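Novice: After the structure tokens below, expect a handful of questions from me.
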Ligand SMILES: Nc1ncnc2c1ncn2[C@@H]1O[C@H](COP(=O)(O)OP(=O)(O)O)[C@@H](O)[C@H]1O
Ligand SMILES: [Mg+2]
């Protein structure tokens, strides 16, 4: 069975000439949770946008569930990979929470009954059913994030890709998010600066620096390597300090 | 696009949205019915002779009824009216200057037709402006846009109205944060220097465009292919045609007969 | 320069609504044909941007006043004319609905005045002609300035024409135009400077987002036809408006001629003018003065108009006192009853 996401030597140059990715290669297997860490501007967001074809690699290739992502296979990539963007305000553009969650299923051409069922299930899954009729701009940051995740869950993707999901959350919202992320059965790719979240949710880490993959490996092994973390503008997470490395 | 917007007006927009979320009988009337009735109301009110006064009075029942049954506080409407009136007042005030023809004699008191038409302009202004404000306060932007699409307004137009409304608060907040820094450094100054202004507006614009691009990506990620699909679930209820029909009948009657004058004549006969 | 509901007659308002609907329909078709999906969120967000930009003022050096962005031409320069028209139309719609700027009946007028002229006249016929192809700073500034001024002048002129054709405001055409056009010349210059500077800023920061001006031919015949149609409708409305109020207009002009010296001596403060008018009405309660200038009228059409004027001068005394009193009493009682009903209504839904 092919990896759900497979990227080989992908490079990307923005229209203004900025080269954001240099020959990046990585794999994500079904059901696993992978963290993507790296300083600001390392290229995390750019890399994530390649996973559902929002950006198409200038060089190299990106495969989603074995199918190469190209202009012709965009809809396949977008059905398979659910993307939670960094700013929920960009993702929640419809007038009500319900409309927003229904947007994906409806644009996949589902019947009204199915759209409703999916919307209902997705909101229940993130515990936000009570906000159904509210306008998204009136929600708290934590609620927005949860609803943004619901909009993606409603499309029943095989992979969840998230850009800094715990940014702007208060401790309670963050705890809830972490519990949710742990509960998902999907393959997950999480770009984040929140290394404690990485330790609690992910099994594997990929470190990005200057648009290159500079390290990858099991979470505890890699994050405990203080010298290496500092070299890439990161730090050894606090919770690991109180535990002995295996 | 004339007036700079004060911050309070933004709070008003948010309040309006809240008002529109109430569940009164008026709010349950279909947005299409309300839109049609509002337009009809404005058309009829404006079709009176330009110095008509008393015949306009019965028309106040429409905004007052909506306001009361829809529990819209009069204060917020009046505040907006105060903001909206100046242009009409300024232009209308010239009527008494240019038109001194006597038109009304109340015993020794002669009122020129210019004053009559000025007062008439003010009355119409009150009526039409409050009708428009009440339309949105009783439906809300989302239902209104849905209603517009179902009335045949192009989807592209309605959808981008919704987007405009959705991101109004967000961008206003961004703008406010950006200007606050400048205001703190130059207290008491009403505007900023031109150079500063241009870079402020320029940055705001670039951010807005970047945001639009991110939204577009988010839409594509969920299957947007250039055509927004909206689902209309609310069917017309019996109350909706009744609402339109009832008001139409009333407008027609009040347009044809001067109800206020008839009432006055009746009262005076009773007294005398 | 929002046109206000209370100054627009249903005929003019309706005509302008039709024109606005035609314009929106046209631009929607062009946008759908262009298949630029990204315009959907971009238009909405830029509409919100225009609102936000209007909250921010800058000081105009040496005048003590402040200016801000209108946005019509800027939108056209960024989005092209079709999308710009839609954005302006929706900004105006939101303003009418939420802020009571303009109004619903006047919405058509406002879309034509503030949308059609900048997007479909000033942009294609001035801005793009000067900018030609890729944006370049010097030409861009000249273009923005010229196009803004033209767009606003046409818009202001159109406000005057619409007011005139509606015949609700008494303000004479010449005076109104003499007031509106210079003001909007100044506004246009300010708007042009801001537009030029902001476009230059964007061109420096992100040149790739500016549309290449000759990418899509805009000077098709249809907008021009639309313009002609609007002009025709306006003139038609204007003529009919004038025709019906011809005696008034002449009468007014003559009254002014007769009072020229007085008025010019007192000119300046409205207060002085107003008191002059009041004085006149008070001193001559029998309105005899109106007859004098009429008979001195230079053209030969004395007879009929003089008759009609005499009839009107007699009108107030002929008007049965009872009717007008009944109107006043009835109006007041109606208002009272309606306010009382208001309280009743307010109680009623709570009981349900
Ligand atoms: N739209 C864009 N145009 C040009 N350059 C960009 C754009 N977006 C990001 N970049 C550049 O690409 C690099 C990687 O950015 P990004 O992927 O956002 O990093 P991260 O998400 O890790 O902070 C940065 O140098 C950034 O400046
Ligand atoms: Mg990022």
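Chains as they are written, first to last, in the working numbering: chain Z, 2 to 247; chain Y, 329 to 600; chain B, -6 to 345. Ideal placement from N, C-alpha and C gives every residue a C-beta, glycine not left out. In this text, all values refer to a predicted model and were calculated from it rather than measured experimentally.
#1: Mapping the DSSP letters down to three states, classify residue 128(B) as helix, strand or coil.
#2: Short check: CB of residue 483(Y) to CB of residue 543(Y), under 9 angstroms?
#3: Assuming residue 405(Y) contacts residue 452(Y) (C-beta within less than 8 angstroms), just tell me the rounded distance between them.
#4: For the putative contact between residue 202(B) and residue 191(B), defined by C-beta atoms under 8 angstroms, what is the C-beta separation to the nearest angstrom?
#5: So if DSSP puts residue 62(Z) in a beta bridge, which residue, or which two residues, is it bridged to?
#6: Kindly indicate which residue of 183(Z), 11(Z), 40(Z) and 17(Z) has the alpha-carbon position closest to the one of residue 27(Z).
#7: Kindly say whether residue 280(B), judged by its beta-carbon, lies nearer than 9 angstroms to any beta-carbon of chain Y.
#8: From the DSSP output, read off the bridge partner residues of residue 210(Z).
#9: Where does residue 164(Z) sit, in a helix, a strand or coil, going by DSSP?
#10: According to DSSP, is residue 16(B) helix, strand or coil?
#11: Is it the case that the Cβ atoms of residue 560(Y) and residue 365(Y) are separated by a distance below 9 angstroms?
#12: Pick helix, strand or coil for residue 23(Z), following the three-state DSSP scheme.
#13: For chain Y, find out if any of its Cβ atoms is closer than 9 angstroms to the Cβ of residue 62(B); answer yes or no.
#14: Taking only heavy atoms of ligand 2 into account, decide whether any of them is closer than 8 angstroms to the Cβ of residue 192(Z).
#15: Skipping 5 residues on each side, what residues in its chain have a beta carbon closer than 7 angstroms to that of residue 444(Y)?
#16: With 16 as the cutoff for other CB atoms within 10 Å, does residue 262(B) come out buried or exposed?
#17: Please return the same chain residues whose Cβ sits closer than 8 angstroms to the Cβ of residue 258(B), not counting the five positions on each side in sequence.
#18: Hey, which unbroken runs of the alpha helix (DSSP H) at 4 residues or more fall wholly within the stretch 163 to 192 of chain Z?
#19: Would you mind giving the Cβ-Cβ distance between residue 30(Z) and residue 5(Z), rounded to the nearest angstrom? I have them listed as a contact below 8 angstroms.
#20: Give me the chain Z residues within the contact set of residue 506(Y), using Cβ-Cβ distance strictly less than 8 angstroms, ordered along the chain.
#21: Per DSSP, which residues does residue 84(Z) bridge with? Please list them.
#22: Just to check, is the beta-carbon of residue 76(B) closer than 8 angstroms to a non-hydrogen atom of ligand 1?
#23: Tell me, please, whether the CB atom of residue 601(Y) is closer than 9 angstroms to any CB atom in chain Z?
#24: Note down, in chain order, every chain Y residue with its Cβ under 9 angstroms from the Cβ of residue 84(Z).
#25: Which chain Z residues are close to residue 491(Y), counting only those with a beta carbon under 7 angstroms from its beta carbon?
#26: Output needed in chain order: residues of the stretch 575 to 587 of chain Y with a Cβ under 9 angstroms from some Cβ in chain B.
#27: Closer than 9 angstroms, Cβ to any Cβ of chain Y: which residues of the stretch 183 to 195 of chain Z, in chain order?
#28: Using a Cβ-based criterion (distance less than 8 angstroms to any ligand heavy atom), does residue 15(Z) qualify as near ligand 1?
#29: Which class does residue 353(Y) belong to by DSSP, given the choice of helix, strand or coil?
#30: Between residue 222(Z) and chain Y, is there a C-beta pair that is closer than 9 angstroms?
#31: If contacts are defined as beta-carbon pairs under 8 angstroms, then residue 373(B) and residue 188(B) qualify, I think. What distance do you get, rounded to the angstrom?
#32: Does the beta carbon of residue 164(B) sit closer than 9 angstroms to a beta carbon anywhere in chain Y?
#33: Ordered along the chain, which non-local residues of its own chain (more than five positions away) have a Cβ less than 7 angstroms from that of residue 354(Y)?
#34: Straight-line CA distance for residue 52(Z) to residue 20(B)?
#35: Go ahead and pull the three-state DSSP assignment for residue 205(Z).
#36: So if I threshold CB-CB distances at 8 angstroms, which residues from the stretch 170 to 200 of chain B count as touching chain Y?
Specialist: Per the coordinate set shown:
#1: Residue 128(B) sits at position 135 when you count from the first residue of the third chain. In this structure, residue 128(B) counts as coil in the three-state DSSP scheme.
#2: Position 155 of the second chain, counted from the first residue, corresponds to residue 483(Y). Position 215 of the second chain, counted from the first residue, corresponds to residue 543(Y). No, Cβ-Cβ distance for residue 483(Y) and residue 543(Y) is not below 9 angstroms.
#3: Looking up residue 405(Y) in the second chain gives position 77. Looking up residue 452(Y) in the second chain gives position 124. Not quite, the Cβ-Cβ distance comes to about 16 angstroms (not below 8 angstroms), so this is no contact.
#4: Numbered from its first residue, the third chain carries residue 202(B) at position 209. Numbered from its first residue, the third chain carries residue 191(B) at position 198. No, residue 202(B) and residue 191(B) are not in contact; Cβ-Cβ is about 12 angstroms, not under 8 angstroms.
#5: Sequence index remark: in the first chain, residue 62(Z) carries index 61 (1-based). In the DSSP output, where bridge partners are listed per residue, residue 62(Z) has 9(Z).
#6: The residue you call residue 27(Z) lines up with position 26 of the first chain. Closest option to residue 27(Z), Cα to Cα, is 11(Z).
#7: Counting from 1 along the third chain, the entry for residue 280(B) is found at position 287. Confidence at residue 280(B) is low in this model, with a pLDDT of 26, below 50, so its placement is unreliable and the value that follows should be read with caution. Output row for residue 280(B): interface = yes.
#8: The residue given as residue 210(Z) occupies position 209 in the first chain. Paired residues: 213(Z).
#9: The residue given as residue 164(Z) occupies position 163 in the first chain. Strand, per DSSP.
#10: To locate residue 16(B), count along the third chain from 1; it is residue 23. If DSSP states are grouped into helix, strand and coil, residue 16(B) belongs with the helices.
#11: Stepping through the second chain from its first residue, residue 560(Y) is reached at position 232. Stepping through the second chain from its first residue, residue 365(Y) is reached at position 37. Taking 9 angstroms as the Cβ cut-off, residue 560(Y) and residue 365(Y) do not qualify as a contacting pair.
#12: By one-based count along the first chain, residue 23(Z) stands at place 22. Residue 23(Z) falls in the strand class under three-state DSSP.
#13: If you number the third chain from 1, residue 62(B) lands on position 69. Yes, residue 62(B) counts as interfacial toward chain Y.
#14: Taking the first residue of the first chain as position 1, residue 192(Z) is located at position 191. Yes, ligand 2 has a heavy atom inside 8 angstroms of this Cβ.
#15: Indexing the second chain from 1 puts residue 444(Y) at position 116. Cβ within range, chain order: 379, 381, 431 and 432.
#16: Working through the third chain from its first residue, we reach residue 262(B) at position 269. Summary for residue 262(B): the model assigns pLDDT 39, below 50, so the residue's position carries little reliability; its value from the coordinates is reported in the next sentence. Residue 262(B) should be labelled exposed.
#17: Counting from 1 along the third chain, the entry for residue 258(B) is found at position 265. Residue placement at residue 258(B) is poorly supported in this model, since its pLDDT is 30, which falls under 50; the coordinates still yield a value, given next. Nothing meets the Cβ criterion.
#18: 172 to 184
#19: Here residue 30(Z) corresponds to residue number 29 of the first chain, with the count starting at 1. Here residue 5(Z) corresponds to residue number 4 of the first chain, with the count starting at 1. Correct: roughly 7 angstroms between the Cβ atoms.
#20: Here residue 506(Y) refers to the residue found at position 178 of the second chain. In chain order: nothing, as chain Z lies at least about 17 angstroms away.
#21: Position 83 of the first chain, counted from the first residue, corresponds to residue 84(Z). Answer is 162(Z).
#22: Here residue 76(B) refers to the residue found at position 83 when the third chain is read from its first residue. No, the Cβ of residue 76(B) stays beyond 8 angstroms of every heavy atom of ligand 1.
#23: Nothing about residue 601(Y) can be reported from this structure: the residues present for chain Y run from 329 to 600 only.
#24: Counting from one through the first chain, the residue named residue 84(Z) turns up at place 83. The answer, in chain order, is 545, 546, 549 and 550.
#25: Against the second chain, residue 491(Y) aligns to sequence position 163. Here the neighbours are 94.
#26: 586 and 587
#27: none
#28: Walking along the first chain from the start, residue 15(Z) turns up at place 14. Yes, Cβ of residue 15(Z) sits closer than 8 angstroms to a heavy atom of ligand 1.
#29: Along the second chain, read from residue 1 onward, the residue named residue 353(Y) stands at position 25. Here residue 353(Y) sits in helix by DSSP.
#30: By 1-based counting over the first chain, the position of residue 222(Z) is 221. No, its Cβ sits nowhere closer than 9 angstroms to a Cβ of chain Y.
#31: This structure cannot speak to residue 373(B), because chain B is shown only from -6 to 345.
#32: Indexing the third chain from 1 puts residue 164(B) at position 171. Judged by the 9 angstroms Cβ criterion, residue 164(B) is in contact with chain Y.
#33: The residue given as residue 354(Y) occupies position 26 in the second chain. 394, 397, 398 and 466.
#34: For the purposes of this step, residue 52(Z) is taken as the residue at position 51 of the first chain. For the purposes of this step, residue 20(B) is taken as the residue at position 27 of the third chain. The straight-line gap from Cα to Cα measures roughly 35 angstroms.
#35: As a working note, residue 205(Z) is residue 204 in the first chain. Three-state DSSP puts residue 205(Z) in a strand.
#36: 186, 187, 190, 191, 194, 195, 198 and 199
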